[in-house]
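Numbering (the numbering used here), first residue to last: 1 to 522. A short worksheet on the structure shown next.
See the structure below:
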């Protein structure tokens, strides 16, 4: 019943839809009150019924009128049994028109079109299109014609799958604004000051949390520990999954075990989860791949909706995991009566900004490429961060190690003088997460310690921070956001820095040596 296409009750109109209709519940209730009967549980079906209500013989006009009532992300296509046409629209979710001889096509991405045509039109946000055998008409949401140039695609099929990017990893870095829309979309309830995650667990039945994960996902778990304790006040332990089950963890029926994994198949994470279950813990998976092993073994799943991630070095799944952990912390904090409605609303408002803020960071790629040129011959790097930015430092170091093969270490910045400071000399680039927050002054002190020993400081700082340039040789500015959400924005320049350095060194960015996308053996 939930499979596409979705139709009206009489089968006259059918739609397919990619994305999330955020206000579908209120639309569905209103449509039911007006006599509509629904066959599925999906948000997509409301589109078919809305179009039916607006239809007066012109399908294109009906779609245009229906979308005025819709909030969310969508690539939607509708057909009517009496019309030889496709009508379509997009906001956030991608949609491409293929132009043929006496035939025209629609797809979410170019590869599907290549067997038929290489002439395509990329629709923009807010575009509507009417497609017939004879041609294509594109307008904005008000019905005003817009010019969208047809382009000739000369990609191979593999290149097309990369969306014209030279590597999957770069494509996935650039997909992060869309991914964040997908992860957050439809879940944020700003007015109520809460998030809707569809979980069955009772927040008040939890006394402690164990977070279990590997690699990049483990740093998302470490970040989650900070937020779960800060916002929900639940004692949270964070474990590398390969160690968790061998330490005889203290878990019981009032423990929530959270397993984080992009693939849902990571064997160490799966075995750690089973250890927690055997001790009676309740289980939650924060997962990307639907139907994966972990999703079949947990009681609740929080899907991150990042889409397929092909590059071995995870990027878009990481930012999606961070945003999922932030939502979970808000949800548990509200459910336990710990987090005030006003504080939750403030965080939710900030979450809504994240896709746009990440887009702003991506625009700084030329600056980051220049830094890569400056530092790509370094033999070692050090990454430093404090509080929620400590996991960001570790993730930045891991990305550089994974794809460039440069030795990189990461530390919480306060630990530097307990040993790592011995590494610092004039040859060592030190990347410091120095965004605005409660520990900003302490981070500046750490930067001064590095400078005093000749280290070269690359600071990730908040836009508008004029003083940081006096302390760091190089500064990468990121937009201001709530300090608890800063890692979601500030990890992006670290991803790009690792990528640009690896490319300059001639590395195989998408398939680095000795690594696999999903680690399914111990």
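All C-beta atoms in this analysis are idealised placements derived from N, C-alpha and C, irrespective of residue type, glycine included. What you are looking at is a predicted structure, and each value in this text was computed from that prediction instead of being measured.
If you drop the 5 nearest sequence neighbours on each side, which residues of the same chain put their C-beta closer than 8 Å to that of residue i?
| i | result |
| --- | --- |
| residue 409 | 380, 381, 382, 383, 397, 420 and 423 |
| residue 118 | 152, 153 and 154 |
| residue 187 | 195, 196, 197 and 327 |
| residue 314 | 215, 216, 217 and 262 |
How would you write the range of the alpha helix (DSSP H) that residue i sits in, first residue to last?
| i | result |
| --- | --- |
| residue 430 | Careful: residue 430 lies outside any alpha helix (DSSP H), inside the beta strand (DSSP E) at 429 to 434. |
| residue 201 | Careful: residue 201 lies outside any alpha helix (DSSP H) and carries neither H nor E. |
| residue 487 | 486 to 504 |
| residue 130 | No alpha helix (DSSP H) contains residue 130, which is instead part of the beta strand (DSSP E) from 127 to 131. |
| residue 330 | 316 to 335 |
| residue 63 | 59 to 67 |
| residue 446 | 440 to 452 |
| residue 465 | Unbroken run through residue 465: none, as it is neither H nor E. |
| residue 182 | 176 to 184 |
| residue 356 | 341 to 362 |
| residue 404 | 389 to 404 |
For residue i, collect the residues of the same chain with a Cβ closer than 7 Å to its Cβ; drop the 5 residues on either side in sequence, then sort them by chain order.
| i | result |
| --- | --- |
| residue 225 | 211, 236 and 238 |
| residue 295 | 264, 285, 287 and 301 |
| residue 161 | 111 |
| residue 357 | 479, 481 and 489 |
| residue 530 | Outside the displayed range of the chain (1 to 522) lies residue 530, so it cannot be described from this structure. |
| residue 446 | 384, 413, 416 and 432 |
| residue 189 | 195 and 196 |
| residue 278 | none |
With distance defined between alpha-carbon atoms, name the residue in the options nearest to residue i.
| i | options | result |
| --- | --- | --- |
| residue 439 | 497, 386 and 402 | 386 |
| residue 418 | 388, 449 and 393 | 449 |
| residue 490 | 327, 322 and 70 | 322 |
| residue 4 | 78, 503 and 393 | 78 |
| residue 227 | 366, 52 and 209 | 209 |
| residue 133 | 104, 234 and 473 | 104 |
| residue 513 | 25, 311, 96 and 366 | 311 |
| residue 231 | 178, 184, 256 and 339 | 339 |
| residue 425 | 456, 444, 404 and 411 | 456 |
| residue 1 | 39, 334 and 462 | 39 |
For residue i, which residues from the same chain have a beta carbon less than 6 Å from its beta carbon, with the 5 sequence-adjacent residues on both sides left out?
| i | result |
| --- | --- |
| residue 193 | 341, 344 and 345 |
| residue 12 | 81 |
| residue 24 | 43 and 46 |
| residue 26 | none |
Can you give me the C-alpha to C-alpha distance between residue i and residue j, rounded to a whole angstrom?
| i | j | result |
| --- | --- | --- |
| residue 521 | residue 268 | With a pLDDT of 46 at residue 521, under the threshold of 50, the modelled position of this residue cannot be trusted, and the question is left open. |
| residue 43 | residue 483 | 33 Å |
| residue 229 | residue 437 | 17 Å |
| residue 507 | residue 401 | 11 Å |
| residue 41 | residue 9 | 15 Å |
| residue 20 | residue 464 | 35 Å |
| residue 6 | residue 63 | 15 Å |
| residue 503 | residue 509 | 7 Å |
| residue 221 | residue 260 | 7 Å |
| residue 173 | residue 320 | 12 Å |
| residue 126 | residue 470 | 44 Å |
| residue 120 | residue 165 | 17 Å |
| residue 37 | residue 16 | 18 Å |
| residue 393 | residue 451 | 18 Å |
| residue 468 | residue 406 | 27 Å |
| residue 266 | residue 99 | 42 Å |
| residue 33 | residue 124 | 34 Å |
| residue 204 | residue 223 | 22 Å |
Starting from residue i, follow the beta strand (DSSP E) in both directions and report where the run begins and ends.
| i | result |
| --- | --- |
| residue 119 | 119 to 122 |
| residue 240 | 236 to 240 |
| residue 412 | 407 to 412 |
| residue 218 | Note, residue 218: premise wrong, no beta strand (DSSP E); alpha helix (DSSP H) at 215 to 232. |
| residue 77 | 72 to 80 |
| residue 541 | What is shown of the chain runs 1 to 522, which leaves residue 541 out entirely. |
Assuming residue i and residue j form a contact by the criterion Cβ under 8 Å, report the distance between their Cβ atoms to the nearest whole angstrom.
| i | j | result |
| --- | --- | --- |
| residue 251 | residue 276 | 5 Å |
| residue 476 | residue 316 | No, residue 476 and residue 316 are not in contact; Cβ-Cβ is about 20 Å, not under 8 Å. |
| residue 458 | residue 474 | 5 Å |
At a Cβ threshold of 8 Å, is residue i touching chain D?
| i | result |
| --- | --- |
| residue 246 | In the displayed structure, chain D is absent; only one protein chain is listed. |
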